[in-house]
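Be aware that the sequence shown starts at 1, since it is given in full-length UniProt numbering, and climbs by one per residue.
Have a look at the structure below before the remarks.
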Amino acid sequence: MANFKEKVIYQLYPKSFNDSDGNGIGDIRGIIEKLPYLETLGIDMIWMNPVFLSPQKDNGYDVTDYTAIDPVFGSMADLEELIEKAKEKNIELMFDMVFNHTSTTHEWFQRALAGEKEYEDYYIIRSPKEDGSLPTNWQSKFGGDAWDEFGETGNYYLCLYDKTQADLNWRNPKVREELYKVVQFWLEKGIRGFRFDVLNVIGKAEELVDSDGDNEKGLYTDTPIVHDYVRELNQASFGQYDDIITVGEMSSTTVENGVLYSNPDRNELSMIFSFHHLKVDYQDGEKWSDVPFDFIELKQLLDEWQSGMSDGNGWNALFWNNHDQPRANSRFGDPERFPYETTTMLAQAIHLLRGTPYIYQGEEIGMTNPDYGDINEYVDIETHNAYESMRLDGKSHQEAIAIIKQKSRDNSRTPMQWDSSLNAGFSTAEPWLKVADNYLDINAEKELAEGSIFPYYQKLIQLRKSMPIISDGSYQGILLDDPEVYAYIREKDGEKLLVLNHFYGTDYSLTIPEEWVQEGAEVVIGNYPDASLTSQITLRPYETVAFLIK
Numbered sequence: 001m002a003n004f005k006e007k008v009i010y011q012l013y014p015k016s017f018n019d020s021d022g023n024g025i026g027d028i029r030g031i032i033e034k035l036p037y038l039e040t041l042g043i044d045m046i047w048m049n050p051v052f053l054s055p056q057k058d059n060g061y062d063v064t065d066y067t068a069i070d071p072v073f074g075s076m077a078d079l080e081e082l083i084e085k086a087k088e089k090n091i092e093l094m095f096d097m098v099f100n101h102t103s104t105t106h107e108w109f110q111r112a113l114a115g116e117k118e119y120e121d122y123y124i125i126r127s128p129k130e131d132g133s134l135p136t137n138w139q140s141k142f143g144g145d146a147w148d149e150f151g152e153t154g155n156y157y158l159c160l161y162d163k164t165q166a167d168l169n170w171r172n173p174k175v176r177e178e179l180y181k182v183v184q185f186w187l188e189k190g191i192r193g194f195r196f197d198v199l200n201v202i203g204k205a206e207e208l209v210d211s212d213g214d215n216e217k218g219l220y221t222d223t224p225i226v227h228d229y230v231r232e233l234n235q236a237s238f239g240q241y242d243d244i245i246t247v248g249e250m251s252s253t254t255v256e257n258g259v260l261y262s263n264p265d266r267n268e269l270s271m272i273f274s275f276h277h278l279k280v281d282y283q284d285g286e287k288w289s290d291v292p293f294d295f296i297e298l299k300q301l302l303d304e305w306q307s308g309m310s311d312g313n314g315w316n317a318l319f320w321n322n323h324d325q326p327r328a329n330s331r332f333g334d335p336e337r338f339p340y341e342t343t344t345m346l347a348q349a350i351h352l353l354r355g356t357p358y359i360y361q362g363e364e365i366g367m368t369n370p371d372y373g374d375i376n377e378y379v380d381i382e383t384h385n386a387y388e389s390m391r392l393d394g395k396s397h398q399e400a401i402a403i404i405k406q407k408s409r410d411n412s413r414t415p416m417q418w419d420s421s422l423n424a425g426f427s428t429a430e431p432w433l434k435v436a437d438n439y440l441d442i443n444a445e446k447e448l449a450e451g452s453i454f455p456y457y458q459k460l461i462q463l464r465k466s467m468p469i470i471s472d473g474s475y476q477g478i479l480l481d482d483p484e485v486y487a488y489i490r491e492k493d494g495e496k497l498l499v500l501n502h503f504y505g506t507d508y509s510l511t512i513p514e515e516w517v518q519e520g521a522e523v524v525i526g527n528y529p530d531a532s533l534t535s536q537i538t539l540r541p542y543e544t545v546a547f548l549i550k
């Protein structure tokens, strides 16, 4: 397997990708059916959200058994066939490992509840304070207290996410050993990539203390011991192979820690996901708000992570979309008036950066937020909680729905739009989540026949494989104060690649610094014809262009 710097990874949400058995829920055989489509796109690896046995309280991020496939997705035999058939097409699989917590239905938790002391130490269980209040004042990331009653014992277990997701005690070497065995199990099955969910919160201290209100995340996020645990995980499992790609999901992390996690000399991970750039449309840090995105802040964050990770020899996972985020074209562009321009500009802006690009299912055909009209069309629990909360805060139904339409996680979870038949060809039954109404216009069959977004993605993927300046060049942000354009230079072996990305829907004149204006600069890729590099350049709506300067 070649260098991960040249690879492009495709994230698919199994529940919404393709339903092979007509029950309205996507499955593993559905993925097998669509391998030719992914091969045509040109991707190297599929990251699948969890398909482990689970009560599905948090869409599979609440695991009952790390080495069993949930029957809703199929069988172990189906998975083995998927691994084999994907490999024939030079596509590897990345599994999603949820190692901060297990479901409370997991055998370990059940045995702990039954009074087995050995298993009680698998979780973070504490007695109440002397006054009878909770062990600490921490809040769950899903709202409410981060503690729940541990059976009839009078003690409490830590649950930083849902009450049914009990945090594991990584301080216990037996827990770590069990989790390393899980990774080894999947390595032996032929899994060649691992995405580790909320990995930087595993390092809780022995003594847990109250938050003073400002420092709460800092009490359990990116603690120094996390790096020791990740290095140990590496050495005990995937680090024994030379072809494994790993990525850590890092909540509220810093560039400094990003470098530590992903600098190859440290033997931790290949790369990390950070999310700061996807909070630039949060009003005062509040997700459930409807404000225009802050473009200057977006650029500064992208630039800070690109420069900082480059300086420290770290490596970024590059993405706009995933299963927890609204569709980027609906969020940062205008897919109504400029569907092709918006989608290709956003794609090019990140695919030509330093890092490994991730494509989330449907973005390669221009899928958008679904524009549901009714709160009952949403399934996501976080969305329903937010709606209730906004109504209690005095927002009208219309105001609350307007915000939900922008920010719900269900925006990205709608079924993949394959063709113009019933349910967009995703399933013969009514899907678990309603298909977006625009599937007659936006679908894979139509896009492959006559579209221009899918071919653009194919070309971006090919360029990363054929041009070392993209996969391995240095990064320098330029024109960082410009109010409409994100521009940067990639450089390697005396060649330079100048990339201009225009984030707005009107014509815009830009002055290019003289040092970058050169006769004979060649357009490598752009989403408008006849672009040329001059000192005064007019960029059209959502135009993106990359010039090679030799």
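Built from N, CA and C at the ideal position, the CB exists for glycine as well.
Problem set entry | Buried versus exposed call for residue 139 [16 or more other C-beta atoms within 10 Å across all chains shown] | Taking the first residue of the sequence shown as position 1, residue 139 is located at position 139. So residue 139 ends up on the exposed side.
Problem set entry | Helix, strand or coil at residue 557 according to DSSP, with G and I counted as helix | Nothing can be reported for residue 557, as the shown portion of the chain is limited to 1 through 550.
Exercise. Does the distance from the C-beta atom of residue 345 to that of residue 137 stay below 7 Å?
Worked result: By one-based count along the sequence shown, residue 345 stands at place 345. By one-based count along the sequence shown, residue 137 stands at place 137. A distance of 7 Å or more separates the beta carbons of residue 345 and residue 137.
Exercise. Looking only at C-alpha atoms, which of 341, 46, 300 and 126 sits nearest to residue 539?
Worked result: Here residue 539 refers to the residue found at position 539 when the sequence shown is read from its first residue. When each option's Cα is compared against that of residue 539, the closest is 341.
Problem set entry | Beta-ladder partner(s) of residue 97, from DSSP | Numbered from 1 along the sequence shown, position 97 holds the residue referred to as residue 97. According to DSSP, residue 97 bridges with 196.
Exercise. Can at least three beta-carbon pairs, one atom from the stretch 29-43 and one from the stretch 382-399, be found at a separation below 8 Å?
Worked result: When C-beta atoms of the stretch 29-43 are compared with those of the stretch 382-399, fewer than three pairs fall below 8 Å, so the two segments do not count as touching.
Exercise. Should residue 291 go down as buried or exposed, given a rule of 16 or more other Cβ atoms within 10 Å for buried?
Worked result: Here residue 291 refers to the residue found at position 291 when the sequence shown is read from its first residue. With fewer than 16 other Cβ atoms within 10 Å, it is exposed.
Exercise. Should the stretch 237-253 be regarded as contacting the stretch 196-215, the criterion being three or more beta carbon pairs within less than 8 Å?
Worked result: Here the stretch 237-253 makes contact with the stretch 196-215; the two share three or more CB pairs at distances below 8 Å.
Exercise. Does DSSP put residue 319 in a helix, in a strand, or in coil?
Worked result: Stepping through the sequence shown from its first residue, residue 319 is reached at position 319. Here residue 319 sits in coil by DSSP.
For this session: Please work out which residues of its chain come closer than 6 Å, Cβ to Cβ, to residue 318, disregarding the five sequence neighbours upstream and downstream, and give them in chain order.
Result: The sequence position of residue 318 within the sequence shown is 318, counting from 1. Excluding positions up to five away in sequence, the list reads 350, 353, 355 and 357.
For this session: Can you give me the Cβ contacts of residue 162 inside the same chain, cut-off strictly under 7 Å, excluding the 5 residues immediately before and after it?
Result: Residue mapping note: residue 162 aligns to position 162 of the sequence shown, counting from 1. Taken in chain order, the residues that qualify are 57, 58, 62 and 142.
Exercise. Whose C-beta lies closer than 7 Å to the C-beta of residue 146 among residues of the same chain, with five residues either side of it excluded?
Worked result: In the sequence shown, residue 146 corresponds to position 146, counting from 1. So the qualifying residues of the chain are 138, 139, 140, 158, 159 and 160.
Problem set entry | Spatial distance of residue 53 from residue 71 (CA atoms) | Start at 1 with the first residue of the sequence shown, and residue 53 comes out as number 53. Start at 1 with the first residue of the sequence shown, and residue 71 comes out as number 71. Take the alpha-carbon of residue 53 and the one of residue 71: they are about 7 Å apart.
For this session: Using only alpha-carbon positions, find the residue among 416, 384, 430 and 420 that is nearest to residue 409.
Result: Residue mapping note: residue 409 aligns to position 409 of the sequence shown, counting from 1. Nearest of 416, 384, 430 and 420 to residue 409, Cα basis: 384.
Problem set entry | In DSSP terms, what residue 490 is bridged to | For the purposes of this step, residue 490 is taken as residue 490 along the sequence shown, with counting starting at 1. Looking at the DSSP assignment, residue 490 forms a beta bridge with 475 and 497.
Exercise. Would you report the Cα separation of residue 510 and residue 536, rounded to the nearest angstrom?
Worked result: Sequence index remark: in the sequence shown, residue 510 carries index 510 (1-based). Sequence index remark: in the sequence shown, residue 536 carries index 536 (1-based). Roughly 6 Å between the two C-alpha positions.
Problem set entry | Bridge partner(s) assigned by DSSP for residue 86 | By 1-based counting over the sequence shown, the position of residue 86 is 86. Looking at the DSSP assignment, residue 86 forms no beta bridge with any residue, so it has no partner.
Problem set entry | Boundaries (first-last residue) of the beta strand (DSSP E) holding residue 538 | The residue labelled residue 538 in the question sits at position 538 within the sequence shown. Boundaries of the beta strand (DSSP E) around residue 538: 536-539.
For this session: Could you have a look at residue 226 and say whether DSSP puts it in helix, strand or coil?
Result: Position 226 of the sequence shown, counting from 1, holds the residue named residue 226. Taken through DSSP and simplified to helix, strand or coil, residue 226 comes out as helix.
Exercise. Helix, strand or coil: which one does DSSP assign to residue 2?
Worked result: If you number the sequence shown from 1, residue 2 lands on position 2. Model confidence at residue 2 stands at a pLDDT of 44, short of 50, so the residue's coordinates are unreliable and nothing is read from them.
Exercise. Which residues in the same chain have their Cβ closer than 8 Å to the Cβ of residue 31, if we skip the five residues on either side of it in sequence?
Worked result: As a position in the sequence shown, residue 31 is number 31, starting the count at 1. Same-chain partners within the cutoff: 12, 14, 17, 18, 46, 48 and 82.
Exercise. Buried or exposed: residue 532, going by 16 or more other Cβ atoms within 10 Å of its Cβ?
Worked result: Position 532 of the sequence shown, counted from the start, is the residue given in the question as residue 532. It is exposed - the Cβ of residue 532 has fewer than 16 other Cβ atoms within 10 Å.
Exercise. Identify the residues that DSSP records as bridge partners of residue 513: which are they?
Worked result: Sequence index remark: in the sequence shown, residue 513 carries index 513 (1-based). Partner(s): none; residue 513 has no beta bridge.
Problem set entry | Sequence-distant residues of its chain with Cβ nearer than 6 Å to residue 179 (five each side left out) | In the sequence shown, residue 179 corresponds to position 179, counting from 1. Closer than 6 Å at the Cβ level, and outside the excluded window around residue 179, lie 99.
Problem set entry | Helix, strand or coil at residue 456 according to DSSP, with G and I counted as helix | Numbered from its first residue, the sequence shown carries residue 456 at position 456. In this structure, residue 456 counts as helix in the three-state DSSP scheme.
Problem set entry | Nearest candidate by alpha-carbon position, reference residue 558, set 73, 450, 254 and 418 | Residue coverage of the chain in this structure runs from 1 to 550, which leaves residue 558 outside it and unanswerable.
Problem set entry | Range covered by the beta strand (DSSP E) that runs through residue 352 | Within the sequence shown, residue 352 is the residue found at index 352, counting from 1. Note, residue 352: premise wrong, no beta strand (DSSP E); not H, not E.
Exercise. What first and last residue would you give for the alpha helix (DSSP H) that runs through residue 47?
Worked result: In the sequence shown, counting from the first residue as 1, residue 47 sits at position 47. Taken as a continuous stretch (DSSP letters only), residue 47 belongs to no alpha helix (DSSP H), being part of the beta strand (DSSP E) at 45-48.
Exercise. Since residue 10 sits in a beta bridge, which residues does DSSP pair it with?
Worked result: The count along the sequence shown starts at 1 and reaches residue 10 at position 10. Per DSSP, 46 and 359.
Exercise. Considering only residues of the stretch 91-161, which uninterrupted alpha helix (DSSP H) runs meet the minimum length of 4 residues and lie entirely inside it, listed in chain order?
Worked result: Segments of the alpha helix (DSSP H) lying fully in the stretch 91-161: 107-113 and 117-120.
Problem set entry | Under the three-state DSSP convention, the category residue 248 falls into | As a working note, residue 248 is residue 248 in the sequence shown. In the structure shown, residue 248 falls within a strand segment according to DSSP collapsed to helix, strand and coil.
Problem set entry | Nearest-angstrom Cα separation, counted from residue 206 out to residue 254 | Position 254 of the sequence shown, counted from the first residue, corresponds to residue 254. Position 206 of the sequence shown, counted from the first residue, corresponds to residue 206. Residue 206 has its alpha-carbon roughly 23 Å from the corresponding atom of residue 254.
For this session: Using three-state DSSP, classify residue 526 as helix, strand or coil.
Result: Locating residue 526 in the sequence shown gives position 526, counting from the first residue. The answer is strand: DSSP assigns residue 526 an E or B state.
For this session: Classify residue 552 as buried or exposed, calling it buried when 16 or more other Cβ atoms lie within 10 Å of its own Cβ.
Result: Only positions 1 to 550 of the chain appear in the structure, and residue 552 is not among them; the question remains open.
Problem set entry | Per-residue burial, residue 360 [other beta carbons within 10 Å of its own, 16 or more giving buried] | Counted from its first residue, the sequence shown places residue 360 at position 360. By the neighbour-count criterion, in which 16 or more other beta carbons inside 10 Å mark a residue as buried, residue 360 falls on the buried side.
For this session: Inspect the beta-carbon positions of residue 151 and residue 208 and report whether they are closer than 7 Å.
Result: The sequence position of residue 151 within the sequence shown is 151, counting from 1. The sequence position of residue 208 within the sequence shown is 208, counting from 1. No, the Cβ-Cβ distance between residue 151 and residue 208 is not below 7 Å.
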